[in-house]
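See below for the structure under consideration.
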Amino acid sequence: MVNIKINGKPVEVQEGKTILEAARENNIHIPTLCYLKDLNQIGACRMCLVEIKGARALQAACVYPVSEGLEIYTNSAKVRNARKATLELILSNHERKCLTCIRNRNCELQKLCEELGIEDIRYEGKNIEYELDTSSPSLVRDNNKCILCRRCVAACKNQGISVIDCVERGFNTHIAPYFEKPINDAACIYCGQCIVACPVGALYEKNDIPQVNEAIDDSEKHVVVQVAPAVRAALGEEFGLPIGTPVTGKMVAALKRLGFDKVFDTDTGADLTIMEEGTEFIERFTKGENLPIITSCSPGWVKYCEHNYPEFLPNLSTCKSPMEMFGAVIKSYYAEKEGINKDKIFSVAVMPCTSKKFEASRSEHTTSGGRDIDVSLTTRELARMIKQAGIDFVNLPDEQFDTPFGEATGAGVIFGTTGGVMEAAIRTVYEILEKKPLDDLDVKAVRGLDGVKEATLKIAGKDVKVAIVHGTKNAKTILEKIKNGEKYDFIEIMACPGGCIHGGGQPIVDARVKADVDVKAKRAEALYSEDRNAKMRKSHENPVIIKLYEEFFGEPCGHKSHELLHTHYVD
Ligand code: HC1
Ligand code: SF4
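Next up, the structure:
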């Protein structure tokens with residue numbers, strides 16, 4: 240520990256901490272902009288400048304380590320003037336169209352303007368007009384809003400992707416994919432981790448709300464919506480509820496009030512995926528063929544594999560993602576059962592993910608003759624729709640998903656967090672192979688937020704070696720281990736750090752909140768609590784799924800399943 244003084248007050252701080260961390264621990268607020276805990280600590284924006292007794296220049300608190308006897312002033316006139324001047328320079332060439340900006344009222348730059356008392360734009364810098372990059376099906380890049388904090392660059396690097404970086408110098412500095420190509424031409428996986436890292440409106444998802452509204456307004460269309468597991472763990476944040484508040488019932492009520500004809504749960508699709516993927520695993524494991532099987536429900540991960548490790552494509556499970564399986568079921572079984580012409584069905588998915596927009600557009604997912612999922616919205620887009628419709632979300636009653644797919648299990652819910660697909664699969668595979676109930680349904684060995692988790696499970700007298708990976712940087716680690724001879728039987732890979740709960744389509748949390756709160760852990764706990772309280776916790780016990788096989792598919796991995804629920808990703 241070292242003894243320092245902050246604004247004249249003596250405090251004891253652990254050695255190695257930065258001034259910013261020391262101040263925060265003592266409830267002293269220092270403004271930041273480029274700082275993003277554990278991701279971007281580069282002292283570039285100079286917003287966190289502080290005065291240090293005896294030092295000639297002001298110092299960036301986010302990178303300056305504390306040492307014995309340091310005397311720091313966080314709010315002197317010199318500090319206030321320097322921070323304000325820095326902010327004014329950032330504003331001098333920022334496109335200040337706040338009223339129409341997607342991040343209006345959720346913008347860290349806007350908040351700083353308020354906090355630092357910016358009353359006027361005193362300088363006008365060189366304004367370069369950048370073309371929007373709308374080349375991707377998932378996201379939009381707007382360099383006119385960019386403040387060069389480099390948080391997106393760090394987020395992309397943290398994914399092990401690094402397709403964007405700073406180019407040129409001085410006023411011409413901007414962020415671009417290599418060779419200034421459109422993002423669609425780079426090996427971007429559309430994970431959207433750059434979006435959730437961005438403090439301003441320079442990165443956002445493609446807006447698909449108008450298409451959905453148009454379909455809802457069309458009386459000829461039967462508009463169904465399915466909602467992914469992780470959405471319920473975060474949607475409430477958009478309406479001021481604490482991080483980690485599950486809002487399943489209110490979310491369903493809101494979707495019904497928005498005018499969707501039927502509201503279904505992607506968790507049911509996840510239960511179906513477990514039946515198919517569990518069966519596929521058992522077949523491959525029993526024959527010792529084509530192992531490890533690697534999950535393929537995360538479209539960012541599939542795209543990463545296609546770009547960087549095509550030799551592992553044959554290892555991917557042939558199962559489509561729960562979203563796409565459900566999409567195919569809606570336009571086949573459901574259309575038939577309800578006597579609705581499939582061409583009149585408009586199928587919407589709400590996902591915590593930006594890459595799902597890309598997945599929905601892939602040619603592999605067109606079993607109904609057209610797209611099986613017509614539009615995939617993000618959690619943020621759903622929140623926008625709810626706000627635009629004037630729905631008082633917080634005071635909505637809890638409502639239930641619609642029949643005939645009204646039931647889902649706790650196994651389906653936990654798909655939304657890293658380790659969840661594996662845990663759900665183990666619950667089913669164990670009971671099929673052992674022919675007896677699994678004693679403890681909480682498979683703790685596969686839980687937690689470590690980037691790579693490994694476990695060896697004993698099932699039916701055999702060792703099953705599993706690994707769980709989240710974040711594509713960690714995917715590289717495990718794939719390299721396999722190339723070096725390490726053997727696994729079953730691997731779950733999710734592109735986003737934390738899994739879907741921290742997907743690129745989830746509500747954006749201010750960097751200051753992220754510094755103190757473990758957002759991923761809180762959202763994951765929201766899903767684990769739903770699982771604990773679920774009346775069914777195993778996919779194979781879901782009566783909806785049992786009926787679906789009786790009435791339509793016959794058996795898992797049968798002929799009809801292969802036609803509708805499986806695909807091959809080829810390079
Ligand atoms: Fe996911 Fe999945 S868990 S991929 O993160 O397998 O997006 O939530 O819906 O499809 O179920 C996302 C989440 C989601 C699929 C499921
Ligand atoms: Fe990088 Fe993901 Fe953003 Fe693409 S979407 S630029 S891969 S962080």
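Per this note's numbering, the very first residue in the sequence shown carries number 240; after that it's consecutive. Where is the CB? At the ideal position from N, CA and C, for every residue including glycine. These numbers come from a predicted model, not from an experiment.
- Only buried fits residue 731, as 16 or more other CB atoms lie within 10 angstroms of its CB.
- The beta carbon of residue 363 is closer than 7 Å to those of 331 in its chain, skipping five residues each way along the sequence.
- In the structure shown, residue 572 falls within a helical segment according to DSSP collapsed to helix, strand and coil.
- Here DSSP, grouped into helix, strand and coil, assigns residue 299 to strand.
- The nearest non-hydrogen atom of the ligand SF4 is less than 7 Å from the C-beta of residue 432.
- With a cutoff of 8 Å on beta-carbon distance, residue 728 and residue 531 are scored as near each other.
- Residue state for residue 473 is assigned as coil, using DSSP reduced to three classes.
- The distance from the Cβ of residue 585 to that of residue 508 is about 17 Å, inconsistent with a contact at the 8 Å cut-off.
- Shortest gap from the CB of residue 745 to any heavy atom of the ligand SF4: 7 Å or more.
- Contact between residue 243 and residue 311 holds: their C-beta atoms lie close to 7 Å from each other, under 8 Å.
- Annotated three-state conformation of residue 499 is coil, per DSSP.
- Exclusion of the five residues before and after residue 724 leaves no residue of its chain whose Cβ lies closer than 8 Å to its Cβ.
- No heavy atom of the ligand HC1 is found nearer than 7 Å to the CB of residue 447.
- Per DSSP, residue 806 has no beta-bridge partner at all.
- DSSP, reduced to helix, strand and coil, places residue 450 within a helical segment of the structure shown.
- For residue 697, the enclosing beta strand (DSSP E) starts and ends at 691 to 698.
- Distance from the Cα of residue 562 is smallest, within the candidate group 601, 300 and 544, for 601.
- Residue state for residue 330 is assigned as helix, using DSSP reduced to three classes.
- Membership of residue 588 in the beta strand (DSSP E) is indicated by the continuous run 584 to 590.
- Between the C-alpha atoms of residue 793 and residue 800 there is a straight-line separation of about 9 Å.
- Under the three-state reduction of DSSP output, residue 351 falls in the helix class.
- If you look at residue 380, you'll find it in the beta strand (DSSP E) that goes 378 to 380.
- Under the 10 Å beta carbon count, residue 781 is surrounded by 16 or more other beta carbons and is classified as buried.
- Of all alpha-carbon atoms in 250, 765 and 378, the one lying nearest the alpha-carbon of residue 655 is that of 765.
- When distances are taken from the beta-carbon of residue 592 to the heavy atoms of the ligand SF4, even the shortest one reaches 7 Å or more.
- Per DSSP, reduced to three states, the secondary structure at residue 788 is helical.
- Inside the stretch 597 to 665, DSSP marks whole beta strand (DSSP E) runs of 3 or more residues at positions 614 to 617, from first to last along the chain.
- Taking all protein chains shown into account, residue 384 has 16 or more neighbouring C-beta atoms within 10 Å of its C-beta and is therefore buried.
- Residue 461 carries a strand assignment under DSSP once its states are collapsed to helix, strand and coil.
- The beta carbon of residue 615 sits closer than 6 Å to the beta carbons of 588, 590, 595, 596 and 599 from its chain, once the five residues preceding and following it are set aside; these are given in chain order.
- In the structure shown, residue 411 falls within a helical segment according to DSSP collapsed to helix, strand and coil.
- Under the three-pair Cβ rule at 8 Å, the stretch 637 to 656 counts as touching the stretch 501 to 519.
- Counting every other CB atom within 10 Å of its CB across the protein chains shown gives residue 293 a total below 16, marking it as exposed.
- Counting along the chain, residue 524 sits inside the alpha helix (DSSP H) bounded by residues 505 to 526.
- Around the beta carbon of residue 743, 16 or more other beta carbons lie within 10 angstroms, which makes this residue buried.
- Taken through DSSP and simplified to helix, strand or coil, residue 708 comes out as strand.
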